[in-house]
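K.L.:
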Amino acid sequence: MSAAARLAAVGGPVSTLSRFRGALVAAVVGDCIGGEFEGAEDVPLDRVLQHLSGVEDESRGDGILQYSDDTAMMRCVADSLLTRVGFDEQDMARSFAKEYSLAPGRGYGSGVIQVLRKLASPQLSDVFQPARAQFGGRGSFGNGGAMRVAPFALAFRSAAEVRKYSRLGAMLTHSCSLGYNGAVLQGLAVHLSLQGALSLPQEFINRLISEMEVVEKEDSAQRDAKALNLAEFPYCTRLHRVKELIERSSVSVEEVISELGNGIAALQSVPTAIFCVLHCLEPREGLPERYGGLERTIAYSLALGGDTDTIACMAGAIAGAHYGIEAVPRSWQMSCEGVEEADHLAKRLYKLYQSQSSGDAVTMSDSNQPQSHASNQHPTHTN
Ligand SMILES: [Mg+2]
Numbered sequence: 001m002s003a004a005a006r007l008a009a010v011g012g013p014v015s016t017l018s019r020f021r022g023a024l025v026a027a028v029v030g031d032c033i034g035g036e037f038e039g040a041e042d043v044p045l046d047r048v049l050q051h052l053s054g055v056e057d058e059s060r061g062d063g064i065l066q067y068s069d070d071t072a073m074m075r076c077v078a079d080s081l082l083t084r085v086g087f088d089e090q091d092m093a094r095s096f097a098k099e100y101s102l103a104p105g106r107g108y109g110s111g112v113i114q115v116l117r118k119l120a121s122p123q124l125s126d127v128f129q130p131a132r133a134q135f136g137g138r139g140s141f142g143n144g145g146a147m148r149v150a151p152f153a154l155a156f157r158s159a160a161e162v163r164k165y166s167r168l169g170a171m172l173t174h175s176c177s178l179g180y181n182g183a184v185l186q187g188l189a190v191h192l193s194l195q196g197a198l199s200l201p202q203e204f205i206n207r208l209i210s211e212m213e214v215v216e217k218e219d220s221a222q223r224d225a226k227a228l229n230l231a232e233f234p235y236c237t238r239l240h241r242v243k244e245l246i247e248r249s250s251v252s253v254e255e256v257i258s259e260l261g262n263g264i265a266a267l268q269s270v271p272t273a274i275f276c277v278l279h280c281l282e283p284r285e286g287l288p289e290r291y292g293g294l295e296r297t298i299a300y301s302l303a304l305g306g307d308t309d310t311i312a313c314m315a316g317a318i319a320g321a322h323y324g325i326e327a328v329p330r331s332w333q334m335s336c337e338g339v340e341e342a343d344h345l346a347k348r349l350y351k352l353y354q355s356q357s358s359g360d361a362v363t364m365s366d367s368n369q370p371q372s373h374a375s376n377q378h379p380t381h382t383n
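Here's what the structure looks like:
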């Protein structure tokens, strides 16, 4: 183990670049490794550990585990933010549509496929319209906006910007507030983790709760919760449950699934991913002692079953931002398709992030305009 890996394993200082790389690489690794158990109802820990030791076997060759829609769309988000030097909904929407048309077999859900097909139309002027038309005008509350949101936390410096653009980015495919607010929550979790906030877990979760209290006060959130027969402040309610569960000395997988969920709805997976990270900050029974926190997080996410690739991808992004790139086993990185590209995107996002003084960040958020050296497309404003 390298000195940096040892430091990461014991929670020592992690550089910001390492956190950026860790966030995107661990997200891809979670997606690739988690694909094995997607949709499985009962995943014994033995099977997870067997799968992971297979991944550690470097003789299997490079890039053997393929990524799914989570990584494919996350790459589009990162690429668009870099090319346009900020959020440009037209560019991002076209990028999703193009990615889908080039590689449709990445496990996209049938709902989002309808949206992506419409986004490919050159006649379309309002790129948010196809998502709004979904499910009889109710919009999707799936976790597709949240699974790809991490690059927003790497591109924007303030929590306010991460909130604003995570929401807009998600609304290109998920117009129900339960869908885009899940993306906001996941974006904020990565944002806080990048700043080292997970070293104080209680404050981390309290901060997420207070952020989401503001988000869920909005009329759209109140209306959608009512329409879906949910209690008010659904994300805050789940986050309070996360808090109760992490305070308990022991909690079973069954309890986690029944309290938080493991499904494809954002409400049933984003708080779950956050719980996985918090729960695995400490060594856990049943997980190998040699595992560091990042390995524990991914292994534990898989053991919950359900939407394992997306939950492991989201938990991976938050955990990777905390532990840094050194904590992602080399053998895992070598076994997963798309890791090198994710690492490259993370390094470029780090440069973009570093290039903004806090003043620039405000300008970026206010104008929502790419800088002059961006390509010659003309993004529209969205407010
Ligand atoms: Mg997937």
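Under UniProt numbering, the sequence shown has 276 at position 276, and the numbering climbs by one with no breaks. Ideal Cβ placement from N, Cα and C applies to all residues, glycine included.
Are any of the Cβ atoms in chain B nearer than 8 Å to that of Leu-281?
P.N.:
The structure shown contains no chain B; it is built from a single protein chain.
K.L.:
Specify which residues have a beta carbon nearer than 6 Å to any heavy atom of ligand 1, listing them in chain order.
P.N.:
Result: Ser-68, Asp-69, Asp-70, Gly-107, Asp-309, Thr-310.
K.L.:
From Phe-96 to Gly-86, what does the alpha carbon distance come to, in whole angstroms?
P.N.:
About 16 Å.
K.L.:
In the DSSP assignment, find the unbroken alpha helix (DSSP H) run with Arg-223 in it and report its ends.
P.N.:
Run containing Arg-223: 219 to 227, per the alpha helix (DSSP H) assignment.
K.L.:
Determine, using beta-carbon pairs with one atom in the region 161 to 177 and one in the region 132 to 145, whether at least three such pairs fall under 8 Å.
P.N.:
Verdict: yes, contact present.
K.L.:
Which ranges would you report for the alpha helix (DSSP H) in the region 9 to 57 if only whole runs of at least 4 residues count?
P.N.:
Whole alpha helix (DSSP H) segments, 4+ residues: 16 to 34, 45 to 56.
K.L.:
Rounded to the nearest angstrom, what separates Ala-221 and Glu-38 at their Cα positions?
P.N.:
Rounded to the nearest angstrom, the two C-alpha atoms are 29 Å apart.
K.L.:
Compare the Cα-Cα distances from Glu-244 to each of Val-25, Leu-24, Leu-278 and report the closest residue.
P.N.:
For the residues Val-25, Leu-24, Leu-278, the minimum Cα distance to Glu-244 belongs to Leu-278.
K.L.:
Under 8 Å between the Cβ atoms of Ala-78 and Leu-345?
P.N.:
For Ala-78 and Leu-345, yes; Cβs fall inside 8 Å.
K.L.:
Determine, using beta-carbon pairs with one atom in the region 66 to 83 and one in the region 147 to 159, whether at least three such pairs fall under 8 Å.
P.N.:
Yes, they touch.
K.L.:
Identify every residue that forms a DSSP beta bridge with Cys-176.
P.N.:
None; Cys-176 has no bridge partner.
K.L.:
Below 8 Å on the Cβ atoms is my guess for Cys-313 versus Met-92; work out the distance and round it to an integer in Å.
P.N.:
Actually they do not touch by this definition, with Cβ atoms about 19 Å apart.
K.L.:
Compare the beta carbon distance of Val-215 and Arg-157 with 8 Å and say whether it is the shorter of the two.
P.N.:
Not a contact, by the Cβ cut-off of 8 Å.
K.L.:
Which partner residues of Leu-81 appear in the DSSP bridge assignment?
P.N.:
None, per the DSSP bridge assignment.
K.L.:
On the criterion of 16 or more Cβ atoms from any shown chain inside 10 Å, does Gly-286 qualify as buried, or is it exposed?
P.N.:
Gly-286 comes out exposed.
K.L.:
Assign Pro-329 to buried or exposed, taking buried as 16 or more other Cβ atoms, counted over all protein chains shown, within 10 Å of its Cβ.
P.N.:
Looking at its Cβ environment, which holds 16 or more other Cβ atoms inside 10 Å, Pro-329 is buried.
K.L.:
List the DSSP bridge partners of Cys-236.
P.N.:
Answer by DSSP bridge pairing: none, since Cys-236 is not bridged.
K.L.:
What does DSSP give as the partner residues of Ala-265 in its beta bridges?
P.N.:
Answer is Gly-142.
K.L.:
DSSP three-state label for Cys-336, please.
P.N.:
Cys-336 falls in the strand class under three-state DSSP.
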